[in-house]
Amino acid sequence: GRYRYRLLINARRSAEVQKVIRDWLDALHFPNGVRISVDIDPYSFV
120 GRYRYRLLIN ARRSAEVQKV IRDWLDALHF PNGVRISVDI DPYSFV
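Below you can see the structure in the form of C-alpha cells.
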C-alpha cells in the first residue's frame, strides 16, 4: 500500500527551513523502494 503524511511547518521567511528539512532527510535511512517527496508551499494543503 501507499501512505501519505502531511507535515506543516510554520516559520519566518528568513528561516532556512528547506535546508533543515534536507539535512533531516539526508540523516534518515529509508528501505529500498521508499520514495520521499517534499512539496514546498503547496496550495492544496488546506
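If you count by this note's numbering, then the sequence shown holds residues 120 to 165, one letter each, in order. Each residue gets a CB set at the ideal place from its N, CA and C atoms; glycine is no exception.
Spatial neighbours of Val-157 within its chain, please: CB distance less than 7 Å, with the 5 preceding and 5 following residues excluded, ordered by chain position. As a first step, residue 157 is located in the sequence shown; it is residue number 38 there, counting from the start. Excluding positions up to five away in sequence, the list reads Ile-140.
Just to confirm my understanding: we take Ile-159, look at its own chain, exclude 5 residues before and 5 after, and list those with CB closer than 7 Å. What are they? Position 40 of the sequence shown, counted from the start, is the residue given in the question as residue 159. Gln-137, listed in sequence order.
When you compare each of Leu-147, Val-153 and Ala-130 to Gly-120 by their alpha carbons, which one comes out closest? Position 1 of the sequence shown, counted from the start, is the residue given in the question as residue 120. Gly-120 has its Cα closest to that of Val-153, out of Leu-147, Val-153 and Ala-130.
Return the Cβ separation of Ile-155 and Leu-144 in integer angstroms, given the expectation that the two are a contact with Cβ distance under 8 Å. Taking the first residue of the sequence shown as position 1, residue 155 is located at position 36. Taking the first residue of the sequence shown as position 1, residue 144 is located at position 25. 6 Å between Cβ atoms; contact.
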